[in-house]
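Chemist: Just so you know, the sequence shown maps onto residues 670 to 812 in our numbering.
Backbone N, C-alpha and C define an ideal beta-carbon position, used for all residues, glycine too.
Here it is, the structure in full.
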Amino acid sequence: MASIVFRMDSNEWLHEAFSGFTLEKRAPADLVELCTRDLEVTLPPDYLEFFTFANGAEGNSPGQQYMRLWPIDELEELNLQYEAAESVPGMLLIGSNGGGEAYAIDFQQPPPAYVMLPFIGMSREDAWFFGNTFKEFMEHEVT
């Protein structure tokens, strides 16, 4: 597997987007590589870069939207618990809004799409599109 290369200087927007959030300590590159190896998808580079900033985040955005983004080492287990592969094949759940909806990355067609969908009755048809990049997703959700 190729090494994951992170651009540490591009995290400035992350500081702004996650101000007011409780952040987990950033994930070491070897943990990111180990965890991504077990997933059945290739995570987008901009989402992987988030883990150089924080290994998960929880809190209220400036727009008062609650958000919890799961640590990379919990993604596989939480997707198994929510039976995401059976309900929404090609999607990877990455977090929650704490109000019954999941955040996910939809890999069904390129480029991957960041979406939100209900946990109960989880289906692709009920997904709301939030962007094609992690930054677009955050800009949509935090405002």
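Could you tell me the distance, in whole angstroms, from the CA atom of Tyr783 to the CA atom of Met791?
Modeler: Here residue 783 refers to the residue found at position 114 when the sequence shown is read from its first residue. Here residue 791 refers to the residue found at position 122 when the sequence shown is read from its first residue. Straight-line Cα distance between these residues: approximately 15 angstroms.
Chemist: Quick check: what's the CA-CA separation for Ala671 versus Phe798?
Modeler: Residue mapping note: residue 671 aligns to position 2 of the sequence shown, counting from 1. Residue mapping note: residue 798 aligns to position 129 of the sequence shown, counting from 1. Below a pLDDT of 50, predicted positions are generally treated as unreliable, and Ala671, at 39, falls in that range; the measurement from the model is reported next regardless. About 30 angstroms.
Chemist: Report the three-state DSSP secondary structure of Met785 (helix, strand or coil).
Modeler: The sequence position of residue 785 within the sequence shown is 116, counting from 1. DSSP places Met785 in strand when its eight states are reduced to three.
Chemist: With H, G and I counted as helix, E and B as strand and the rest as coil, what does DSSP make of Asn736?
Modeler: If you number the sequence shown from 1, residue 736 lands on position 67. The amino acid at residue 736 is misidentified as Asn; the sequence shows Met. Note: Met736 maps to strand in three-state DSSP.
Chemist: Rounded to whole angstroms, what is the Cα-Cα separation between Gln733 and Asp795?
Modeler: The residue you call residue 733 lines up with position 64 of the sequence shown. The residue you call residue 795 lines up with position 126 of the sequence shown. Distance between the alpha carbons of Gln733 and Asp795 is about 23 angstroms.
Chemist: For Met791, does the three-state DSSP call read helix, strand or coil?
Modeler: Position 122 of the sequence shown holds residue 791. Met791: coil per DSSP, three-state reduction.
Chemist: Looking at the secondary structure, which residues open and close the alpha helix (DSSP H) in which Tyr716 lies?
Modeler: On the sequence shown, position 47 is the one that residue 716 refers to. 714-722 is the span of the alpha helix (DSSP H), which, as asked, contains Tyr716.
Chemist: Are the stretch 716-725 and the stretch 684-699 touching, with three or more C-beta to C-beta distances below 8 angstroms?
Modeler: Verdict: yes, contact present.
Chemist: Hey, would you say Glu751 sits closer than 7 angstroms to Gly764, going by beta carbons?
Modeler: Taking the sequence shown and counting its residues from 1, the one referred to as residue 751 is at position 82. Taking the sequence shown and counting its residues from 1, the one referred to as residue 764 is at position 95. The question names Glu, yet the displayed sequence has Tyr at residue 751. The answer is no: Cβ separation not under 7 angstroms.
Chemist: When we look at the beta-carbon of Thr721 and count the other beta-carbons within 10 Å, is it buried (16 or more) or exposed?
Modeler: As a first step, residue 721 must be located in the sequence shown, where it is residue number 52. Flag for Thr721 reads buried.
Chemist: Out of curiosity, what's the CA-to-CA distance linking Met760 and Asn729?
Modeler: Position 91 of the sequence shown holds residue 760. Position 60 of the sequence shown holds residue 729. Distance between the alpha carbons of Met760 and Asn729 is about 25 angstroms.
Chemist: Taking the straight line between their C-alpha atoms, what separation do you get for Tyr735 and Gly768?
Modeler: Residue numbering aside, residue 735 sits at position 66 when the sequence shown is read from its first letter. Residue numbering aside, residue 768 sits at position 99 when the sequence shown is read from its first letter. Near 8 angstroms, if we compare the C-alpha coordinates of Gly768 and Tyr735.
Chemist: Could you tell me if Asp699 is buried or exposed, where buried requires 16 or more neighbouring beta carbons within 10 angstroms of its beta carbon?
Modeler: In the sequence shown, counting from the first residue as 1, residue 699 sits at position 30. It counts as exposed.
Chemist: Got a sec, what are the start and stop residues for the alpha helix (DSSP H) Asn680 sits in?
Modeler: As a first step, residue 680 must be located in the sequence shown, where it is residue number 11. Careful: Asn680 lies outside any alpha helix (DSSP H) and carries neither H nor E.
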